[in-house]
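Sequential numbering from 3 applies to the sequence shown in this note's numbering. Think of the CB as a built atom: it goes at the ideal place given N, C-alpha and C, for glycine as much as any other residue.
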Amino acid sequence: MKYIIGTRGSNLALVQANMVKDKLQEKYPEDSFEIKVIKTQGDKILDRPLEAIGQKGVFVKEIEKEILENEVQIGVHSMKDMPAEPEEGLIFTKAWKREDPRDAFIINDHIYGKVKGDSFEILKENAVIGTGSKRRGYQFKKIRPDAEIVDIRGNVETRIRKMYEQNLDGIILAAAGLKRLNKEEVVYKYFSTEEMICAPAQGVLAIEIRKDNLELKEKIDSLSDAESDNEAKGERTYLKEIDGDCHLPIAARCERINEKEYKIDALFGSVDGNKLEKIMLQGDKPEELGKKAAEVIRKKVTGTVYLIGAGPGDPDLLTVKGAKLLEKADCIIYDRLVSKELLGYAKPNAELVYVGKENKKHTLPQSEINRLLVKKALEHEVIVRLKGGDPYVFGRGGEEGIYLNQHQVKWQVVPGVTSAVAGLAYAGIPITHRGISRGFRVVTAHDKDDKLTNLDFESMVKGQETLVFLMGLSKVKEITDNLVSAGMKKDMKAAVVSKATTKEQKVVISDLENLDKEVKKQEIKSPAIIVVGEVVGLAKELDFITRFSLENEKNIILPQIGEKSKLAEELKKNENL
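Here's what the structure looks like:
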């Protein structure tokens with residue numbers, strides 16, 4: 003059988019690929035193994051920091067694509083450069099014998115001479131140190147707070163050359179790469195785990211194949227090393243559970259300490275390095291250690307997520323607490339229905355993430371929004387999840403709270419004014435009224451498949467309550483027909499309130515028999531609220547919006563919210579999504 007091994011083209015990548023090729027060829031002489039060099043996006047862009055060009059996948063996507071297409075059968079990478087999960091349809095084989103996982107310091111011998119040492123006191127004050135890793139940079143700053151860390155990218159040879167060209171005092175590289183290239187002589191000192199925790203699975207080769215290639219997996223796994231595989235599993239489990247990316251300093255070193263136990267040293271920090279937490283745990287199962295380490299460290303470093311209801315549309319209906327938190331937020335994750343004017347509260351440097359969705363148009367599915375909340379909690383102190391209306395009224399706030407609990411993230415809910423009440427009030431419709439309606443039901447009108455929700459219309463008719471249907475504009479005809487079929491009179495008053503509490507508010511008042519026709523005639527747009535019940539008959543009398551102009555009230559002074567803020571501009575870009 004002929005197998006092609008895909009690899010990047012650097013000297014180190016080729017050495018690693020040839021190591022795999024030679025061992026497989028020796029073990030399986032009846033098969034043939036060839037090397038194919040594949041250039042990745044990460045290889046093409048060398049003038050920008052890693053976080054500026056994408057995630058770890060920028061070094062492997064092209065290789066993975068060829069494995070999936072069976073152009074190559076084996077991909078060889080450094081495991082420390084791999085995402086927590088392989089591409090769908092691919093797997094990593096068991097780890098082979100691990101090379102030295104430590105980091106190494108290379109000193110500029112043009113400045114300090116050819117020396118070896120066990121401390122960094124030799125470095126001059128404000129020494130300039132090169133590394134492409136925040137993990138290394140932030141940990142080195144703990145050793146030498148006066149040091150200046152500069153970004154440096156490229157293969158091993160390129161980084162050493164840049165050290166001389168830029169007159170850097172030193173650079174930090176992985177010991178494994180230096181040893182595989184037989185360049186150990188350039189090392190001034192190896193970092194201990196106490197000084198610098200390595201990247202998860204540093205020194206481990208990632209051998210990647212198609213998931214369905216079981217015969218090849220068996221061949222490769224026959225050369226695996228059980229201890230290295232256990233270490234890699236512990237460290238990679240930590241990486242997966244912490245759910246971090248290349249923008250963040252993440253480190254883990256799992257190693258056996260006696261016949262029965264392993265220990266894991268783990269690190270996690272914020273983007274700017276102001277938060278940098280280390281922990282050490284012991285146990286007998288590496289993967290459980292990795293999971294526990296992520297759980298413990300998350301509790302130490304995460305900020306607080308606030309699930310804030312933005313109200314129904316009128317920016318003045320935001321709660322005072324909600325406004326105060328918006329002013330403090332480091333990151334705001336916001337929906338389509340959030341009022342643009344509200345966003346003047348955001349500070350200029352707040353990170354803005356739009357996750358709006360309308361009917362079938364999703365920027366992000368809910369599962370990804372949940373993960374995003376955890377991710378941002380690891381990066382920031384105050385995270386606001388800003389939702390239209392109230393987080394717990396068909397806002398999926400409960401799902402987000404449960405997910406945050408499961409991932410040990412602190413969170414709070416700041417209730418919002420729901421459109422189910424305020425939207426009707428702005429249309430002159432009280433949701434209850436003595437002698438007319440003593441209660442109300444609020445339901446969502448469509449399910450996840452965009453079909454009419456399975457509702458008990460007969461119970462609704464018997465209840466004689468005000469009925470409010472949210473997210474149901476496309477289902478007006480089905481709703482009214484079902485109510486009539488269940489026994490409600492055709493002339494029962496009904497209304498639709500579009501873009502409630504905003505300047506674009508539009509109200510259609512009719513009855514069950516004619517509501518759908520009127521909605522189409524007046525070209526009503528979402529978001530809209532459907533209300534059915536005798537209280538609709540009070541709209542003419544209680545329509546304070548038409549009857550009175552609040553803008554002319556001289557005795558009510560509301561704070562002006564700037565419309566030119568960064569967040570307001572972002573919303574304007576997305577308002578048509």
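For residue i, count neighbouring C-beta atoms within 10 Å of its own C-beta (all shown protein chains included) and say buried if the count is 16 or more, exposed if not.
i: Arg238; result: buried
i: Ala36; result: According to the sequence as given, residue 36 is Glu; it is not Ala. That one is exposed.
i: Met3; result: exposed
i: Glu2; result: There is simply no residue 2 to check, as the chain begins at 3 and stops at 579 in what is shown.
i: Asn456; result: exposed
i: Met198; result: buried
i: His382; result: buried
i: Tyr166; result: exposed
i: Lys377; result: buried
i: Leu560; result: Note that Leu560 scores a pLDDT of 49, beneath 50, so its modelled location is shaky; the value from the coordinates is reported in the next line. Per the 10 Å Cβ criterion, exposed.
i: Gly489; result: exposed
i: Glu233; result: buried
i: Asn215; result: buried
i: Ser461; result: exposed
i: Pro643; result: Nothing about residue 643 can be reported from this structure: the residues present for the chain run from 3 to 579 only.
i: Ile437; result: Here the sequence assigns Gly to residue 437, which means Ile is not the residue at that position. Exposed, because fewer than 16 other Cβ atoms sit within 10 Å of the Cβ of Gly437.
i: Asp24; result: exposed
i: His409; result: buried
Taking the alpha carbon of residue i as the point to measure from, which residue in the options has its own alpha carbon closest?
i: Arg161; options: Gly179, Val534, Val22; result: Gly179
i: Thr434; options: Val376, Gly539, Ile526; result: Gly539
i: Glu159; options: Leu14, Ile93, Gly134, Lys450; result: Leu14
i: Ile385; options: Tyr336, Glu186, Gly400; result: Tyr336
i: Lys181; options: Ser369, Val17, Gly430; result: Val17
i: Thr504; options: Tyr428, Gly437, Lys523, Glu460; result: Tyr428
i: Gly275; options: Ala254, His249, Val298; result: His249
i: Ala176; options: Val444, Gly132, Glu217; result: Gly132
i: Arg137; options: Pro251, Phe94, Gln27, Ala106; result: Pro251
i: Arg440; options: Gly418, Lys326, Gly465, Ser461; result: Gly465
i: Gln168; options: Ala129, Ala352, Cys333, Lys330; result: Ala129
i: Tyr347; options: Ser369, Val357, Lys323, Tyr356; result: Lys323
i: Val411; options: Met21, Lys191, Glu402; result: Glu402
i: Arg155; options: Pro147, Ile173, Arg146, Asp148; result: Ile173
i: Arg212; options: Ala201, Gln75, Leu319; result: Gln75
When DSSP labels each residue in this structure, what does residue i get in the three-state scheme?
i: Thr133; result: strand
i: Asp318; result: helix
i: Tyr336; result: strand
i: His448; result: strand
i: Tyr114; result: helix
i: Gly508; result: With the sequence shown as reference, residue 508 is identified as Lys, and Gly is not the correct amino acid for it. Strand.
i: Glu36; result: strand
i: Gln43; result: helix
i: Met462; result: helix
i: Asp24; result: helix
i: Thr434; result: coil
i: Ile124; result: coil
i: Tyr30; result: coil
i: Glu555; result: Reliability of the predicted coordinates at Glu555 is poor, the pLDDT of 48 falling under 50, and the value obtained from them is presented with this limitation in mind. Here Glu555 sits in coil by DSSP.
i: Tyr347; result: helix
i: Tyr140; result: helix
i: Asp483; result: helix
Could you pull the DSSP bridge partners for residue i from this structure?
i: Gly313; result: Gly391
i: Cys256; result: Ile266
i: Phe107; result: Ile174, Lys191
i: Thr306; result: Val384, Lys412
i: Arg212; result: Leu92
i: Met282; result: Asp267
i: Leu1; result: In the structure as shown, the chain begins at 3 and stops at 579. Residue 1 is therefore absent and cannot be evaluated.
i: Ala201; result: Looking at the DSSP assignment, Ala201 forms no beta bridge with any residue, so it has no partner.
i: Gly77; result: Gly8, Glu210
i: Arg443; result: Leu469
i: Ala496; result: Ser512, Val534
i: Asp245; result: None; Asp245 has no bridge partner.
i: Asp153; result: Thr133
i: Leu454; result: His448
i: Leu2; result: With the chain covering 3 to 579 only, the question about residue 2 has no answer from this structure.
Regarding residue i and the ligand NAP, is the C-beta to nearest heavy atom distance less than 7 Å?
i: Ala253; result: Summarising the ligand content, the structure contains no ligands, and the ligand NAP is consequently not present.
message: Would the segment 196–208 count as touching the segment 67–87 if we require 3 or more Cβ pairs under 8 Å?
response: yes
Three or more C-beta pairs below 8 Å linking the segment 505–519 and the segment 477–484: yes
- prompt: Is there contact between the segment 61–78 and the segment 128–142, where contact requires at least three CB pairs shorter than 8 Å?
  reply: no
query: Does the segment 280–289 touch the segment 262–271, meaning 3 or more C-beta pairs lie closer than 8 Å?
result: yes
- prompt: Counting Cβ pairs, one atom from each stretch, are 3 or more of them under 8 Å apart for the segment 519–538 and the segment 453–472?
  reply: yes
- prompt: Does the pairing of the segment 306–321 with the segment 289–296 give three or more beta-carbon distances under 8 Å?
  reply: no
- prompt: Any chance the segment 520–531 sits against the segment 416–430, with 3 or more Cβ pairs inside 8 Å?
  reply: yes
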